[in-house]
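Remarks on the structure that follows.
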Amino acid sequence: MNLEYLLFDLDNTLYPKSSGMGKEIDHRMTSFVAEHLGISPKDAKAKRIRYRDNYGTTLQGLVRDDAFDDPEEFFNKVHPTDIYRYIEKDPRLREMLLNIKIPKSILTNSPEEHAKRILKYLEIDTCFENIFDIRFNNLEGKPAIELYKKVLKTIDKKPENVLFIDDLELYLRPFKEIGGNVLLVSENAAGKDLNGIPVINNIKQLSEYLETYLKNAFNL
């Protein structure tokens with residue numbers, strides 16, 4: 602058995618959650634739902650929780666439950682373009698990714714243009730073969746198993762030969778259920794395991810993780 606491919610989430614994974622970028626996106630999504638439905642921010646936040654529990658994403662909830670039909674408006678309003686205000690460049694990230702000689706792609710519930718902005722800003726855009734964005738599976742993103750299967754078919758890999766790295770356990774579990782390998786990125790995790798899922802505190806610990814924890818499982 603070999604580790605043949607790495608799938609990376611984007612937001613709060615390739616940069617720290619504490620940067621504030623993810624928090625800003627979350628705030629904008631709540632404001633968008635409140636404005637679109639004419640409800641309070643508090644009610645919008647509660648509604649978004651139900652959206653995520655039922656459909657995985659805020660956008661899918663808007664589309665399915667509230668007849669929303671303009672995803673491009675949603676994308677434009679909730680994703681900041683002034684990335685420099687939130688994320689600091691770290692040349693060590695590019696160095697680490699280049700030193701990991703395994704093909705890589707991005708798997709994100711954000712639109713491609715947002716992913717490209719961040720990857721270019723971080724100077725790691727050439728490190729990835731593909732960007733599988735929210736449009737890739739007709740706006741049905743993580744944690745849909747159909748999405749994971751479609752991605753695996755596109756990269757022509759079996760799940761047992763792929764490691765998926767994300768900051769949300771909700772998105773990792775279905776990939777694990779179909780036989781894939783998963784890794785959670787969580788700044789606040791105290792241990793190296795969360796409910797049976799391996800954990801690192803920062804993406805720059807990935808190289809060490811691969812060397813230490815997968816050495817016995819894969820022929821690295």
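Everything in the sequence shown is counted per the working numbering, starting at 602 for the first residue and increasing by one.
All residues carry an ideal CB built from backbone N, CA and C; glycine is no exception.
Being a predicted model, the structure only gives us computed values, none of them experimental.
(message) Within 10 Å of its beta-carbon, does P692 have 16 or more other beta-carbons around it, so buried, or fewer, so exposed?
(response) On the sequence shown, residue 692 is found 91 positions in, with the first residue counted as 1. When all chains shown are included, P692 counts as exposed.
(message) Can you find the residues in the same chain that come closer than 7 Å, C-beta to C-beta, to R665, ignoring five residues on each side of it along the sequence?
(response) The residue labelled residue 665 in the question sits at position 64 within the sequence shown. Cβ within range, chain order: Y656.
(request) For G781, collect the residues of the same chain with a Cβ closer than 6 Å to its Cβ; drop the 5 residues on either side in sequence, then sort them by chain order. (result) Position 180 of the sequence shown, counted from the first residue, corresponds to residue 781. Excluding sequence neighbours, G781 sits near P760, V763, F765.
(request) Find the nearest neighbour of E788 within the set E714, I801, I779, Y652, judged by alpha-carbon distance. (result) Counting from 1 along the sequence shown, the entry for residue 788 is found at position 187. Closest by alpha carbon: I801.
(message) Suppose the cutoff is 8 Å on Cβ atoms and the five residues either side in sequence are ignored; what does the same chain contact list for L663 look like?
(response) Counted from its first residue, the sequence shown places residue 663 at position 62. Here the set comprises V634, H637, Y652, F669, F675.
(request) Just the C-alpha distance for Y722 and E812, rounded to the nearest angstrom, thanks. (result) As a position in the sequence shown, residue 722 is number 121, starting the count at 1. As a position in the sequence shown, residue 812 is number 211, starting the count at 1. When rounded, the distance between both Cα atoms is 28 Å.
(message) I need the DSSP call for N782, collapsed to helix, strand or coil.
(response) Counting from one through the sequence shown, the residue named residue 782 turns up at place 181. Note: N782 maps to strand in three-state DSSP.
(message) Could you pull the DSSP bridge partners for Y606 from this structure?
(response) The sequence position of residue 606 within the sequence shown is 5, counting from 1. In the DSSP output, where bridge partners are listed per residue, Y606 has V763.
(request) Would you kindly work out how many angstroms separate the C-alpha atoms of L784 and I725, rounded to a whole number? (result) Here residue 784 refers to the residue found at position 183 when the sequence shown is read from its first residue. Here residue 725 refers to the residue found at position 124 when the sequence shown is read from its first residue. Cα-Cα distance, rounded: 20 Å.
(message) Does I798 come out as helix, strand or coil in the three-state DSSP assignment?
(response) Reading the sequence shown from its first residue, position 197 is the one you call residue 798. Here I798 sits in strand by DSSP.
(message) My output table needs one value for I732: the three-state DSSP class, helix, strand or coil.
(response) Counting from 1 along the sequence shown, the entry for residue 732 is found at position 131. I732 falls in the strand class under three-state DSSP.
(request) List in chain order: all unbroken alpha helix (DSSP H) runs of 4+ residues lying wholly within the segment 662–700. (result) 672–679, 692–700
(request) Find the nearest neighbour of K805 within the set S706, L771, L698, judged by alpha-carbon distance. (result) To locate residue 805, count along the sequence shown from 1; it is residue 204. Nearest option by C-alpha distance: L698.
(message) When you compare the CB positions of I707 and F733, do they come within less than 8 Å of one another, or not?
(response) For the purposes of this step, residue 707 is taken as the residue at position 106 of the sequence shown. For the purposes of this step, residue 733 is taken as the residue at position 132 of the sequence shown. Contact flag set, yes.
(message) Which residue wins for smallest C-alpha separation from P775, given the options T755, K743, G792?
(response) Along the sequence shown, read from residue 1 onward, the residue named residue 775 stands at position 174. Ranking T755, K743, G792 by Cα distance to P775 puts K743 first.
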